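To start, the structure under review is shown below, and the notes come after it.
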Amino acid sequence: MTSIGLIGFERSGKTTLFNALTGAGRPTGFSSHQDPHEGVVPAPDARLTQLSQLYQPRKTTPSVLDVVDFPGAGFAGALSGSSEPPSSRLLDQLAQLDALVHVVRAFDNDAVPHPAERVEPDADIEAMQLELTFADLALIEKRLQRIAQETKSMKAAERVAADREVDLLGRLQSHLGDGGTLLDAPISDLERADIRHYRFLTERPMLTIFNVDEDAAARGGVEGIALSARLEEELRDFDDNDAAAYREELGVGAGAVETALQETFRLLGLRSFFTVGPDECRAWATRSGDTAPQAAGRIHTDMERGFIRAEVVRWDDLLTCGEAVGASGAEAEAKKRALSRTEGKDYHVQDGDVLHILFNV
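Written out as structure tokens, the structure is:
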């Protein structure tokens, strides 16, 4: 499962946003010694809704993201000016994630003071970026020291590989020192593959969400993705009609959370494909560039291992065919209209594909 982590300083509204996303109802304000909150978020997809309306399956299952809410107290040193870094446990947990979402406080509330006694989103963004950069620099320095110790007993061939790694790490070190991130480091694809096992934090895609006041959400006062986590959490308890009426009363448009999830999908290079039928219509998330067998493996490892071929049709073409002849004849009609095709192991799954996997194990 794809996982994202909510990070931010204390009293930024991270846990409120977590509750808005997951409906978990977790209490706000936990310490650095508590375990992170974990939950899953279904990714909204209008295409899946339309396919389900056609097939009327027993179950409709959206693709999901695993969301982890980390304690803001773990980053307290970045705001206090102390040299205390985040714990190694926290850094290790962050390194396991596919992407980070930085929740930045952009609301005023005297009853919930900012830990630095100011509300300056740009300053919080800079402080968090420095914290992640320092963590990556410390990891590089530790690795360089270890290589220096190990080269004394290395054979010639091993020393060549070590020298190459030292050169790469040195360039990354300089890039970080100049204010860059490892996500935008000017290195080759092969070099990027070489450093993947380090799981650097600034190599993680980062989405910034500004947590604003309800009236700011209404008038749109911040560039980028802005939402009121408190409002979104409250609206989870409303039915759709009441939520729409309340949004209209406040002058707040719908879709802030959905937009954030869609942007997370984009950052991660995720694409959705579908499987359909009377039992279940389901959306699956796969990486951009994944082949048909790799996508099949998202459904079940046996499907990837025994992959033979995939029957592929675009979701909207299948929908058009189904509307013409009914759900039971939709796939046959797609073949009749030459809208369905057979693809092999080298096919790269596209966003919006409907797949029928043939396999044998």
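Each residue of the sequence shown is one higher than the one before, starting from 0 at the first, in numbering that gives the first Met the number 0. Each residue gets a CB set at the ideal place from its N, CA and C atoms; glycine is no exception. The structure presented is a predicted model; accordingly, all values stated were derived computationally and were not measured.
Query: Leucine 129 - containing alpha helix (DSSP H), residue span; Result: 120-149
Query: 8 Å Cβ cutoff met for proline 409 and proline 41; Result: Missing from the structure shown is residue 409; the chain here goes from 0 to 360 and no further.
Query: Minimum C-alpha distance to valine 103 - residue among Gln95, Val111 and Glu119; Result: Glu119
Query: Counterpart residues of alanine 184 in DSSP-defined beta bridges; Result: The partner list for alanine 184 (beta bridge, DSSP) is empty, contrary to what the question assumes.
Query: Residues bridged to arginine 41 (per DSSP); Result: Looking at the sequence shown, residue 41 is not arginine but proline. Answer by DSSP bridge pairing, in chain order: Val63.
Query: Serine 87, DSSP secondary structure in three states; Result: helix
Query: Per-residue DSSP class, three states only, for asparagine 210; Result: strand
Query: Buried versus exposed call for histidine 101 [16 or more other C-beta atoms within 10 Å across all chains shown]; Result: buried
Query: Same chain, Cβ closer than 8 Å to arginine 25, five either side skipped, listed in chain order; Result: Thr14, Phe17, Asn18, His36 and Asp68
Query: DSSP three-state assignment for glycine 219, whether helix, strand or coil; Result: Since pLDDT at glycine 219 reaches only 49, below the 50 mark, its modelled position is unreliable, and the value read off the structure follows with that caveat. Residue state, collapsed to three classes: coil.
Query: Local conformation of histidine 299 per DSSP, three classes; Result: coil
Query: Enclosing beta strand (DSSP E) for alanine 308 [first to last residue]; Result: It is arginine, not alanine, that sits at residue 308 in the sequence shown. That run of the beta strand (DSSP E) goes 306-313.
Query: DSSP state of leucine 200 mapped onto helix, strand, coil; Result: helix
Query: The region 262-271 touching the region 315-331, judged by at least three CB pairs closer than 8 Å; Result: no
Query: Beta carbon of alanine 72 nearer than 8 Å to that of glutamate 9; Result: yes
Query: Aspartate 91 Cβ short of 7 Å to the ligand HEM heavy atom set; Result: Absence of the ligand HEM from the depicted structure is noted, as is the absence of any ligand whatsoever, leaving it without description.
Query: Limits of the unbroken alpha helix (DSSP H) element including threonine 341; Result: Per DSSP, threonine 341 belongs to no alpha helix (DSSP H); it is in the beta strand (DSSP E), 339-342.
Query: Contacting residues, own chain, Cβ-Cβ under 7 Å from asparagine 432 (five flanking each side not counted); Result: Here the chain comprises residues numbered 0 to 360, so residue 432 is not present and cannot be evaluated.
Query: N- and C-terminal bounds of the alpha helix (DSSP H) containing threonine 258; Result: 255-267
Query: Secondary structure of glycine 179, DSSP reduced to three states; Result: coil
Query: Serine 51 in three-state terms, based on DSSP; Result: helix
Query: Whole-angstrom distance between aspartate 166 and leucine 181, CA atom to CA atom; Result: 15 Å
Query: Cβ neighbour criterion (16 or more within 10 Å) applied to phenylalanine 29; Result: buried
Query: Among Lys154, Phe273 and Glu279, nearest to threonine 285 - alpha-carbon criterion; Result: Phe273
Query: Rounded separation between glutamate 231 and glutamine 92 - CA only; Result: 27 Å
Query: At least 3 beta-carbon pairs within less than 8 Å: the region 194-204 vs the region 170-185; Result: yes
Query: Coil, strand or helix - glutamate 9 by DSSP; Result: coil
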